[in-house]
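**Q**
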Ligand SMILES: Cc1cc2nc3c(=O)[nH]c(=O)nc-3n(C[C@H](O)[C@H](O)[C@H](O)COP(=O)(O)OP(=O)(O)OC[C@H]3O[C@@H](n4cnc5c(N)ncnc54)[C@H](O)[C@@H]3O)c2cc1C
Ligand SMILES: Cc1cc2nc3c(=O)[nH]c(=O)nc-3n(C[C@H](O)[C@H](O)[C@H](O)COP(=O)(O)OP(=O)(O)OC[C@H]3O[C@@H](n4cnc5c(N)ncnc54)[C@H](O)[C@@H]3O)c2cc1C
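Residue numbers (UniProt numbering), protein chains in the order written: chain D, 1 to 395; chain Y, 1 to 356.
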């Protein structure tokens, strides 16, 4: 066993660091640092910068435009991006649909859609969840019926993240209502500009707009927009859910959050001393740091195993459960450290008038509340436990 | 021993709960709590008419209550309705004015709105770290310093400011027209203000005010704890109801044992929180008031976080939305930790007793 980075890994890390230092614009990293919502343009600009360097589709195979990195390199890249406050990659096209098309798509679909994901022509969103189909995704009702050489789609998707920016949505639709639920689902690509689609915003707990409801009324799309075989969409859905697991532990983001907590606790005064000197609070930070240090290794161990096996196994559920809990704890610590300074609604008390508390903390309480989503979406932590129960414990 | 409310208090609780239930549906609350002036002035007037403020002050001070249980009854009802009206500032001001033997008719009739300025950004919870300082000037005083998150300060007429005066702490009344007050809305709804004092003219209300301030804080803690208990009850009930209604995999999600047990754990913590709040209310005004107030605020901090986070989690996505009331209850439950001392601060206060 050897936990050290190899010489090549270290050289790679330096290369990534140098790239970020040179190419990550200050206005983008400071927007990320402030913790507020990023604009569409900011996200697109960052994608374009990475794409120019060939580092955008980090999990795609080389022949499709990926960088061909090892798990350790992906890990290093993620860590360095977080350290530098680069924006998160918007995952829907790059980390979700891309791998699906590479595995299940036709040559035509690959040639058409993949380059457009890379160059930012198409912004994708994920149309899985419905009001009645959350954890029980297979119960989805959105109907796609064949009519000549078109699919006619009726129904509703919800929780569609960044659907307000999207050009396209990949949808799970029911194409055969008369068989076992899982056996009647198809994976269909839909142009958001098609008549009959309506997008309505959902306001989240902290006041932000990142999710939407998407309504489909007699939406007609070409038959060729089906990915894989008709009624085999559930296989694709599951592939996507387990495959999009790189970075699921959010280690880099938690490292970022840990540094933020320490920085806040150094600047915040309690009882006439910096909060970081308070043994109760320092103990909270230390516990989170210990959890995170272990998680870094757990994450790498599982990444290696996934590489050896060729696919991630059910252990990734453990990464998701613990990774989200650690991150949520760190967000809680930041809010706690700020105390009353976290209380104003973001935008109400700003640097311009009377911002108080350390800089870049305006959105901390909002981030804490928003981050509760991470243990709910992508398969809730309860569902992850059910997966482990069945697959690893065989109960 | 008797754990029943007196008839008067039960009546007050019922009247207030009914009134808020009718006049303050949660949709209305969500609207007014996030728009300037971050409360509902018409509703405030009606609350005053109902006698809410009189219930918070003892007879000697012109009120009709003022005990720990009067306070907890009122605030539990306010908590159930997630009411952002600036009652806390009135309560704490009333305690200080009573200690000073000052007339408080204007406060009790609602003619003058009071807020208290204790918190400073470098002294969020500790009275002995207050840096705002009073200087004698002519017959009166001037104050310099800054008070942060003055709850209700966005609509107050008078702020009672805690400031260093000689070797101790004193309380001064500042008219908002004489001072730079910046009001704003809060993460969890309702409003507060930054109060910038710069040689600001002030009237001495009470010299040697440390004990009175401590009592006002303890009363405020009883109020916040009771508010949290009310809010937790509603949050828990809403969650249990949702577990019965929401179906996945063909059955109500409440049939999943993992959710059942967590709903039970929440209930256990809420009952514990209710008990320690009762204890703190009973001890208010007595020699051990601070110790039990600290115990209560610590336990509330832990229970409220559990209830807020678990309620969201057990709802799934729906409780992440602005439109669904649980998200607003959760925000209040979390954010009230930073008022009048957080979980860790009060834990350290309880620990302090051990060395002696
Ligand atoms: C901010 C946000 C962004 C999202 N983005 C997207 C997106 O872009 N695209 C998309 O398709 N979806 C998205 N989702 C939806 C997300 O995947 C669902 O919210 C999630 O699957 C849970 O479904 P639900 O909300 O309907 O909760 P429910 O499934 O109703 O669950 C409610 C509670 O019951 C528990 N539960 C359910 N079944 C079981 C069981 N068998 N055993 C034990 N406990 C159980 C759950 O864990 C949860 O605690 C997003 C959600 C959020 C909050
Ligand atoms: C020190 C000691 C003293 C005792 N004294 C007495 C006594 O004086 N008289 C007497 O009659 N008995 C006595 N008992 C027995 C005691 O009541 C049983 O041990 C107890 O009821 C559990 O039964 P079990 O040991 O067979 O465990 P099991 O019932 O087999 O349970 C094993 C585990 O499964 C869990 N479990 C079981 N059913 C469920 C379910 N439906 N849902 C979720 N989890 C479940 C249990 O909580 C436990 O964790 C004593 C036991 C001990 C250890």
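The beta carbon of each residue, even a glycine, is placed where N, CA and C say it ideally should be.
Below 8 Å between beta carbons: does that hold for residue 345 of chain Y and residue 125 of chain Y?
**A** Their beta carbons are under 8 Å apart, which means residue 345 of chain Y touches residue 125 of chain Y by this criterion.
**Q** Any idea if residue 4 of chain Y is buried or exposed, counting beta-carbon neighbours within 10 angstroms, 16 or more meaning buried?
**A** Residue 4 of chain Y comes out exposed.
**Q** Alpha carbons only, please: which of D/257, D/365, D/218 is nearest the one belonging to residue 84 of chain D?
**A** For residue 84 of chain D, the nearest C-alpha among the options comes from D/257.
**Q** Hey, how far is the Cα of residue 53 of chain D from the Cα of residue 42 of chain D?
**A** Their backbone Cα atoms lie some 17 Å apart in a straight line.
**Q** At 8 Å on the CB atoms, spell out the chain Y contacts of residue 380 of chain D, in chain order.
**A** 313, 316, listed in chain order.
**Q** Taking three-plus beta-carbon pairs below 8 Å as touching, is the stretch 107-117 of chain D in contact with the stretch 285-297 of chain D?
**A** No: the two stretches stay apart, fewer than three of their Cβ pairs being nearer than 8 Å.
**Q** Can you pull the chain D residues whose beta carbon is under 8 Å from the beta carbon of residue 354 of chain Y, in chain order?
**A** Ordered by position in chain D, no residue passes the 8 Å Cβ test against residue 354 of chain Y, which lies about 14 Å from the chain.
**Q** Which residue's Cα is closest to the Cα of residue 337 of chain D: D/194, D/266, D/299?
**A** Considering only alpha carbons, the answer is D/266.
**Q** Note the first and the last residue of the continuous alpha helix (DSSP H) segment covering residue 73 of chain Y.
**A** 68-80 is the span of the alpha helix (DSSP H), which, as asked, contains residue 73 of chain Y.
**Q** Against chain Y, does residue 349 of chain D count as a neighbour if the rule is that its beta carbon must be under 8 Å from one of theirs?
**A** Yes, its Cβ sits closer than 8 Å to a Cβ of chain Y.
**Q** Is the beta carbon of residue 43 of chain D within less than 7 Å of some heavy atom of ligand 1?
**A** Flag unset: Cβ of residue 43 of chain D not near ligand 1.
**Q** Does the Cβ of residue 187 of chain Y lie closer than 7 Å to at least one heavy atom of ligand 1?
**A** No; taking the cut-off as 7 Å, the Cβ of residue 187 of chain Y has no heavy atom of ligand 1 nearer than that.
**Q** Closer than 9 Å, Cβ to any Cβ of chain A: which residues of the stretch 121-139 of chain Y, in chain order?
**A** Here the protein chains are D and Y, and chain A is not one of them.
**Q** Would you decide whether residue 79 of chain Y is buried or exposed? Buried here means 16 or more other CB atoms lie within 10 Å of its CB.
**A** Classification of residue 79 of chain Y: buried, given that the 10 Å Cβ count is 16 or more.
**Q** With distances taken from CA atoms, which of Y/230, Y/216, Y/273 is nearest residue 171 of chain Y?
**A** When only C-alpha atoms are compared, the closest one is Y/216.
**Q** DSSP state of residue 81 of chain D, grouped into three classes?
**A** Helix, per DSSP.
**Q** With H, G and I counted as helix, E and B as strand and the rest as coil, what does DSSP make of residue 83 of chain Y?
**A** Here residue 83 of chain Y sits in coil by DSSP.
**Q** Let me make sure I understand the geometry here. Which of Y/105, Y/181, Y/34, Y/292 has the alpha-carbon closest to that of residue 352 of chain Y?
**A** Cα-wise, what sits closest to residue 352 of chain Y is Y/292.
**Q** Step through the CB atoms of chain Y and report whether any lies within less than 8 Å of the CB of residue 288 of chain D.
**A** So, not an interface residue.
**Q** If you measure from the beta carbon of residue 44 of chain Y to each beta carbon in chain D, is any gap under 8 Å?
**A** Not an interface residue.
**Q** Tell me the rounded alpha-carbon separation between residue 351 of chain D and residue 130 of chain Y.
**A** For residue 351 of chain D, the pLDDT reaches just 49, beneath the cut-off of 50, and the residue's location in the model is therefore unreliable, leaving the point undetermined.
**Q** Is there at least one non-hydrogen atom of ligand 1 closer than 7 Å to the beta-carbon of residue 244 of chain Y?
**A** Result no, Cβ not under 7 Å from ligand 1.
**Q** Would the beta-carbon of residue 153 of chain D fall within 8 Å of that of residue 146 of chain D?
**A** No.
**Q** Near residue 322 of chain D, which residues of its chain fall below 8 Å by C-beta distance, leaving aside the five closest residues on each side in sequence?
**A** So the list reads 249, 291, 295, 298, once near-sequence residues are dropped.
**Q** Count the CB pairs spanning the stretch 297-317 of chain D and the stretch 230-238 of chain D that are closer than 8 Å, and state whether there are at least three.
**A** No, they do not touch.
**Q** Between residue 128 of chain D and ligand 1, is the CB less than 7 Å from at least one heavy atom?
**A** Checking every heavy atom of ligand 1 against the Cβ of residue 128 of chain D, one is found closer than 7 Å.
**Q** Please confirm if residue 347 of chain Y has its CB atom under 8 Å from at least one CB of chain D.
**A** Closer than 8 Å to some Cβ of chain D, the Cβ of residue 347 of chain Y qualifies, so yes.
**Q** Measure the alpha-carbon distance for residue 250 of chain Y versus residue 315 of chain Y and round it to whole angstroms.
**A** Those two C-alpha atoms are separated by around 16 Å.
**Q** Taking the Cβ atom as the reference point for each residue, do residue 383 of chain D and residue 333 of chain D lie within a distance shorter than 8 Å?
**A** No. Outside cutoff.
**Q** Apart from the five residues on each side of it in sequence, which residues of its chain come closer than 7 Å, Cβ to Cβ, to residue 196 of chain D?
**A** Taken in chain order, the residues that qualify are 216, 217, 218, 219.
**Q** If you reduce the DSSP assignment to three classes, tell me which class residue 339 of chain Y lands in.
**A** Residue state, collapsed to three classes: coil.
**Q** In whole angstroms, what separates the C-alpha of residue 262 of chain D from that of residue 346 of chain D?
**A** If I take the Cα positions, the gap works out to 22 Å.
**Q** Thinking C-beta only, is residue 203 of chain D closer than 8 Å to residue 321 of chain Y?
**A** Yes.
**Q** In terms of alpha-carbon separation, which member of Y/53, Y/340, Y/173, Y/64 lies closest to residue 109 of chain Y?
**A** Residue Y/53 is the option with its Cα nearest to residue 109 of chain Y.
**Q** For ligand 1, is there any heavy atom lying closer than 7 Å to the beta carbon of residue 219 of chain D?
**A** Answer for residue 219 of chain D: no, Cβ out of range of ligand 1.
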